[in-house]
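Number 380 in my numbering belongs to position 371 of the sequence shown; there are no gaps in the numbering.
We put the CB at the ideal spot given by N, CA and C, even for glycine.
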Amino acid sequence: MDRATFACSTAFFRDYSSSSQGAFCLPGGHVDFIEKVESFTYSDFFRDYLIPNHPCIFSAKFTEDWGSRRNWVNWDGKPNFDYLLHKFGEAVVPVANCDVKEYNSNPKEQLPFKEYINYWKEYIKNDYRSSRGCLYLKDWHLSRAFPEQDVYTTPVYFSSDWLNEYWDAIAVDDYRFVYMGPKGSWTPFHADVFRSYSWSANICGRKKWLLYPAGQEEYLKDRHGNLPFDVTAPGLQDRSVYPRYNQSQPPVEIVQEAGEIVFIPSGWHHQVYNLEDTISINHNWVNGCNVAIMWCFLQDELAAVQREISEWKVPMDDWHLQCQLIMKSCTGIDYKEFYNFLKIIAENRISVLENGLDDEASAKNTPKAAISTLGMLHAVFDLKRTVKVLTSLSANEDFKKLDLTSLSPPPEALLHHLKAAIDTALL
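Okay, here's the thing in structure tokens:
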């Protein structure tokens, strides 16, 4: 991060509220297309898309050296099923049925990868019809299962990735996925986990995206406050069911070609269709630009849980703890883990600022090496954003009702260390 970008980011987050989701209307639904790798810098992306929370599309030039684009695709642009079976045939993968709606999503099952590929080949042969329905391989943690495979390299623009930095550190999960599906497979209307950013690269095939800027989803809710399963369904025109639908803006529509990467802003709801047989790679990620949005989302989730079980508040001694447990089961994180998330992010940056990296650490693909690559000012920016959110978390009444004795260091001590590290770095 250069000084001009640091100054720009500091001014932006000073002038806008911490919960701002950058829900600015795009003129005419226009989405910028980034053509050339050599003329587009990290600072360009940070300043023009991350901070204002705007979508963009990267050309296929940004992925042309990926192993998956060389090996997973035949000369005609179709999936190379033989290669995929050879490399991953014995894996077990999550598969959704796009033809079935269950609790406002598509039901999933675990299938052997080779069975799914055989299904897909038969589905194509039968003119995209099957008694099993339209099956879509989704949310496959391929990188975690096959770390030795030459699949892709995360573009530098997406390298400030706190979600995967944290979950890699605790060795529990990650938010890196592979999707594979036939023409006609699709993903219903949703926003991404924790209201995170998302990037999605087409290895082959084409996708159509329907994007709604953050806040537009409020106009799409039914009279009970529920979001639609399919934003293209005719039923949304029924004002007795969807009373505010006519106030919504048309979606921003993107057609993504093979090799291209789409950047989905934080908190933007979307619906996605595969227009051809398609393979894609996706990351969800959070960083200093949208961590406040994640924190606001968690507060909203807890409030929803508290409303749902409010009748048990008096008779239940550990009601506040139970609310946290329910929230974690639904979202994947609670307030104490969110504190630990912020702590690990902060400590990694403090370590780089205070100690630097030795030559051996610099040569490795580690979070601290990535922090060092992005520069001292980026680390300072990250710490300043962490201070902002950690200060809010520490003052939160629901957080203070929890048993915080297990947190090490205590929030006050971590905040003091963060502020001291920032002051020292800016001397």
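Fully enclosed alpha helix (DSSP H) runs of no fewer than 4 residues occupy 51-54, 76-80, 90-97 of the region 16-101, in order along the chain. Contact between C213 and K96 is ruled out by a C-beta separation of about 15 Å, above the 8 Å threshold. Bridge partners of H292 according to DSSP: R185, W208. Residue R394 holds the alpha-carbon nearest to the alpha-carbon of A20 among R394, D286, F408, D182. Within the same chain, and ignoring the five residues on either side of V398 in sequence, the residues whose Cβ sits closer than 6 Å to its Cβ are V300, A301, W304. Secondary structure of C332 (DSSP, three-state): helix.
Given a length threshold of 4 residues, each whole run of the alpha helix (DSSP H) inside the region 363-430 is given here in chain order: 368-372, 376-383, 385-404, 406-409. When the beta-carbon positions are compared, Y125 and P191 stay at least 8 Å from each other. Rounded to whole angstroms, E269 and K410 show a C-alpha spacing of 47 Å. Residue range 122-134 is occupied by the alpha helix (DSSP H) that includes Y128. Here K45 is exposed. Its C-beta has fewer than 16 other C-beta atoms within 10 Å. In the structure shown, the three-state DSSP call for C339 is helix.
When DSSP states are grouped into helix, strand and coil, T287 belongs to the strand group. In the same chain as D239, and ignoring 5 residues on each side of it, the C-beta atoms closer than 8 Å to its own belong to P197, F198, Q280, in chain order. Beta-carbon to beta-carbon, M10 and F55 are separated by about 7 Å, close enough to satisfy the 8 Å threshold.
In the three-state scheme derived from DSSP, where H, G and I count as helix and E and B as strand, A301 is classed as helix. Taking one beta carbon from each stretch, the region 47-54 and the region 248-264 have fewer than 3 pairs nearer than 8 Å; the two do not touch.
By the 16-neighbour rule on beta-carbons within 10 angstroms, M325 is exposed.
Within a 10 Å sphere around the beta-carbon of W81 sit 16 or more other beta-carbons, which makes this residue buried. Cβ neighbours of V250 within its own chain (closer than 8 Å, five residues either side excluded): D231, R232, G244. Proximity to A312 across E421, W328, L120 peaks at W328, based on C-alpha coordinates. In the three-state scheme derived from DSSP, where H, G and I count as helix and E and B as strand, G244 is classed as helix. Beta-bridge annotation (DSSP): Q265 is paired with K216. In this structure, L220 sits near W277, with a CB-CB distance shorter than 8 Å.
Burial state of G98 is exposed, judged by a 10 Å Cβ sphere holding fewer than 16 other Cβ atoms.
Shown here, K117 sits in a strand according to DSSP, grouped into three states.
Bridge pairing for N106: L144 [DSSP]. Burial state of R358 is buried, judged by a 10 Å Cβ sphere holding 16 or more other Cβ atoms. Burial check for R78: the Cβ neighbour count within 10 Å reaches 16 or more, so the residue is buried.
In this structure, DSSP gives V281 an extended state, which the three-state scheme calls strand. Shown here for D41: same chain residues with a beta carbon closer than 6 Å to its own, the five before and five after excluded, namely C65 in chain order. Minimum Cα-Cα distance from V101 among the listed residues D136, S168, F155 corresponds to F155. Of all alpha-carbon atoms in V271, K134, D309, E111, the one lying nearest the alpha-carbon of R204 is that of D309. In the DSSP secondary-structure assignment, T196 is bridged to V281. In the displayed model, E157 falls within coil according to three-state DSSP, outside both helix and strand. Contact check for P116 against N127 fails: the beta carbons are separated by 8 Å or more.
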